[in-house]
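J.: Mind having a look at this structure? Questions to follow.
Structure, rendered in C-alpha cells:
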C-alpha cells in the first residue's frame, strides 16, 4: 500500500475538526464556557471543602460522588443549544447543504461539548494536589474516578445532543436532556421494585452501576464498552433525527 | 444546461408542495423563480441544494444527479436560504473562514477567496464586527459572500432582497447582476419588479405547478392578447343614445376585438374598455366610427398588459 492509500484508509476527520473548533470557540466567545467552569468549581469546591476535614480521609471519593450530580444540570445547559439553535436560526440548512456528512456535524458538536466538560474538570486537579499534599492518597481510584467522570460526561453529552436534535426550542432540549440523563442516573435506584430477571438488565442499563465500579479504581472493559455503546447509540439516533428532514 | 429538473414532485406528509414540474436553467443565465408565497419555490430550491430529497423526479446540477452525486452537487452550488440564516455571535471573518473551510478551502486559496469576497461584496468596513451587530443590508452581503466563497458554478438565492429597504434592494440587485455575469443564478421572489430588474429567464410557479416559462419578452408577448384600450366618449346632448344597444355593438363588431367592457356613464359621457388581440391597433377604426356617429372622443389610450397583470392572471385561482 502506498502512502496515499494509507492516508485514505484513515477516516477523514477534517470536517469534524472544523465544526469542533467552531463550536468550542463559540462556547468561549459567548462566555458559556466561563460560566460553566466557574459554576462547576464553585459548587464542587463548596461541598467538597466543607466536608473533607469532617471526613478526615485523604481521598477524592466525596468529589467523585458529587460531580455526576452537578453534571445532571450543567451538561444539558451546555448541550441544549448545539442543534436546537441551528434549527431555530435556520443555519442547519446552510450546514447540511455543505459537502459534509451529517455524522461529521454530530461528531464535531459532540466533541466540542465533551472537551468543554473535560476543560472544566482540569481545575479540580487542585483538589487532588491539595489532598495528596495533606495525606497519603490512593491513586487508583483517582485515575478511575476521572476516567469514569469523563465517560459519564460523554454519555450525558451524547444524550443531551440527541435531545437538542429533536426540537428547535432550547428549553425543551434542556428539559428532555435532563430527563434522559436522570433516567440513566436513577435507573438502578428502581431495582428493589423489580422482579429478579429484570433487575440485572436494568442494573446494566443504569449508569451508576458502571460508574461506581470504575470510580473505585476497577477498570473493567465491560464498563468501558457500556459507556462507549451508549454514546455510540445516542449519536446514531442524533444522526437519524437530523435526517428526519428527508422523510 | 446548468440545472435540469424533470417531473419533480414533493409531498410533505400528504400535502403536495410541488407537483410534477420540469424546467431547464442554461449556463450563465439569471433565472427568476416567481410565485406567491407557498407556491413551492422554496421547496424546489431545498431539493436542488440537496437539503431534502424529492418524493419523485430527477434533478441534475452541472450534469450531476442530486441523489447519486450529492457531494458533487453541493460543491457546485452556493446557497442563500430564505431569511438569510447566520451565526449572529460570530464575526464576519470567522464566519466566512468557517464556511470556506467546510467547503475544503485551505491556506493561500482560502485567503485569496476571503479577500476577494470581502472586496466584491463590499463588506470590508464590517469584517471584524459580529454579524449580530450588522444592518440587514450588510447581513445580506455576508450571506452572499458565504454563498460564493467556494466560487460555485451555480448560485441559489431564496428571496435575496426580502426585508431590505429600497436602497439596499437596489444595491443587492446590482450585486446579484454583477455576480450573475460569471455564474448561473436562480433566485426566487414574490415581487415582480425584482424579476424585471434582474432576470433573463422567468418561471412563474403557482400551487406547485409551472404557470409560465420563458424570457421576459416572451411572456409579455404571449400575454399581449389582452391589450387594452380605454376610452371615454361623449354623445351629443339631447340625443337618446343607449350605451348598450347603440354604442356597444359598434365597437364589438370591429375586427380583432375580443371583448368590450362598459365602464358606466356620467351624464352624456360613457366609458369603455376594449380588449384586443395581440399586436393589433384599432384606435384609428374607433376614431372613425366615433366621428361617423358624431360621438366626441374625450380620451383614448392603449396599454399592453403589464407583467403584473400577467402574474395576477396566472396566479389567481379561476
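Protein chains in written order, with this note's numbering: chain E, 98 to 344; chain S, 38 to 355.
Note that CB positions come from ideal geometry on N, CA and C, so glycine has one too.
Can the beta-carbon of residue 328(E) be found less than 9 Å from the beta-carbon of residue 251(E)?
T.: The answer is yes: Cβ separation under 9 Å.
J.: Which residues in chain E sit within 7 Å of residue 87(S), going by Cβ to Cβ distance?
T.: Here the neighbours are 194.
J.: Who are the neighbours of residue 188(E) on chain S, taking C-beta pairs under 8 Å?
T.: Near residue 188(E) (Cβ distances below 8 Å), the residues of chain S are 122, 123 and 124.
J.: Where does residue 85(S) land, buried or exposed, given buried means 16+ other C-beta within 10 angstroms?
T.: So residue 85(S) counts as buried.
J.: Please report whether the beta-carbon of residue 126(E) lies at a distance below 9 Å from any beta-carbon of chain S.
T.: Closer than 9 Å: yes.
J.: If you run the structure through DSSP and keep just helix, strand and coil, what is residue 218(S)?
T.: Three-state DSSP puts residue 218(S) in coil, outside helix and strand.
J.: Three Cβ pairs or more, each shorter than 8 Å: is that satisfied between the stretch 197 to 204 of chain E and the stretch 278 to 287 of chain E?
T.: Segments in contact, no.
J.: Is the Cβ-Cβ distance between residue 265(S) and residue 339(S) less than 9 Å?
T.: A contact, by the Cβ cut-off of 9 Å.
J.: Please list the terminal residues of the continuous beta strand (DSSP E) segment that includes residue 114(S).
T.: Note, residue 114(S): beta strand (DSSP E), 114 to 117.
J.: List the endpoints of the continuous alpha helix (DSSP H) containing residue 307(E).
T.: Unbroken alpha helix (DSSP H) run through residue 307(E): 304 to 312.
J.: Along chain E, in chain order, which residues have C-beta atoms closer than 8 Å to that of residue 112(S)?
T.: Simply 196.
J.: Whose C-beta lies closer than 8 Å to the C-beta of residue 223(E) among residues of the same chain, with five residues either side of it excluded?
T.: For residue 223(E), where only same-chain residues beyond five positions count, there are no Cβ hits under 8 Å.
J.: Starting from the beta carbon of residue 138(S), find every residue of chain E whose beta carbon is closer than 7 Å, and list them in chain order.
T.: Ordered by position in chain E, the residues that pass the 7 Å Cβ test against residue 138(S) are 115.
J.: Please list the residues of the stretch 290 to 316 of chain S that have a C-beta atom closer than 8 Å to any C-beta atom in chain E, keeping them in chain order.
T.: Listed by position along the chain: nothing, the set is empty.
J.: Is any non-hydrogen atom of the ligand NAP found closer than 8 Å to the C-beta of residue 310(S), if you look at the structure I gave you?
T.: As presented, the structure is devoid of all ligands, the ligand NAP included, so that no description of it is given.
J.: What do you get for residue 223(S), buried or exposed, if any count of 16 or more other CB atoms within 10 angstroms of its CB means buried?
T.: Classification for residue 223(S): buried.
J.: Helix, strand or coil for residue 355(S) per DSSP?
T.: Its pLDDT being 43, under 50, residue 355(S) is placed unreliably in this model, and the value from its coordinates should be taken loosely. Coil.
J.: Enumerate in chain order the residues of its own chain whose CB-to-CB distance from residue 317(E) is below 7 Å, with the five nearest sequence positions on each side excluded.
T.: 310, listed in sequence order.
J.: Out of 63(S), 309(S), 180(S) and 306(S), which has the shortest C-alpha to C-alpha gap to residue 121(S)?
T.: The shortest Cα separation from residue 121(S) among 63(S), 309(S), 180(S) and 306(S) belongs to 180(S).
J.: Among the residues of its own chain, which have a CB less than 6 Å from the CB of residue 194(S), if the five just before and after it don't count?
T.: Counting only Cβ-Cβ distances below 6 Å, and skipping sequence neighbours, we find 117 and 224.
J.: Can you tell me whether residue 185(S) is helix, strand or coil according to DSSP?
T.: Of the three classes helix, strand and coil, the one that applies to residue 185(S) here is helix, per DSSP.
J.: Could you confirm whether any beta carbon from chain S is found closer than 9 Å to the beta carbon of residue 296(E)?
T.: With 9 Å as the cut-off, residue 296(E) does not count as an interface residue toward chain S.
J.: Identify the residues that DSSP records as bridge partners of residue 229(S): which are they?
T.: Note: residue 229(S) sits in no beta bridge, so no partner.
J.: Straight-line CA distance for residue 251(S) to residue 127(S)?
T.: Using only the alpha carbons, I get a separation of about 41 Å.
J.: Report buried or exposed for residue 361(S), applying the criterion of at least 16 other Cβ atoms within 10 angstroms of its Cβ.
T.: This structure cannot settle anything about residue 361(S), because the visible part of chain S is limited to 38 through 355.
J.: Residue 178(E) to residue 261(E), Cα distance in whole Å?
T.: Cα to Cα, residue 178(E) sits roughly 7 Å from residue 261(E).
J.: Check whether the Cβ atoms of residue 287(S) and residue 300(S) lie closer than 9 Å to each other.
T.: In this structure, residue 300(S) does not lie closer than 9 Å to residue 287(S) by Cβ.
J.: List, in order along the chain, the chain E residues whose C-beta lies closer than 7 Å to that of residue 48(S)?
T.: By Cβ distance, chain E contributes nothing, its closest Cβ being about 11 Å from residue 48(S), past 7 Å.
J.: Give a yes or no on whether the C-beta atoms belonging to residue 292(S) and residue 317(S) are separated by under 9 Å.
T.: For residue 292(S) and residue 317(S), yes; Cβs fall inside 9 Å.
J.: Is the stretch 252 to 259 of chain E in contact with the stretch 323 to 337 of chain E, if contact means three or more CB pairs nearer than 8 Å?
T.: The answer is yes - the stretch 323 to 337 of chain E touches the stretch 252 to 259 of chain E, with three or more Cβ pairs under 8 Å.
J.: Which value, in whole angstroms, describes the spacing of the CA atoms of residue 277(S) and residue 305(S)?
T.: Rounded to whole angstroms, residue 277(S) to residue 305(S) spans 9 Å at the Cα level.
J.: Spatial neighbours of residue 164(E) within its chain, please: CB distance less than 6 Å, with the 5 preceding and 5 following residues excluded, ordered by chain position.
T.: Same-chain partners within the cutoff: 246.
J.: Near residue 166(E), what residues of its chain come up, given a Cβ to Cβ distance below 7 Å and the 5 sequence neighbours on each side ignored?
T.: Nothing meets the Cβ criterion.
J.: Along chain E, which residues have their Cβ under 7 Å away from the Cβ of residue 108(S)?
T.: Ordered by position in chain E, the residues that pass the 7 Å Cβ test against residue 108(S) are 196.
J.: Please say whether residue 220(S) and residue 185(S) have beta carbons closer to each other than 9 Å?
T.: Cβ distance < 9 Å, so residue 185(S) and residue 220(S) count as in contact.
J.: Taking a contact to mean a Cβ-Cβ separation below 9 Å, would you say residue 319(E) touches residue 238(E) in this structure?
T.: Not in contact: residue 319(E) and residue 238(E) (Cβ atoms no closer than 9 Å).
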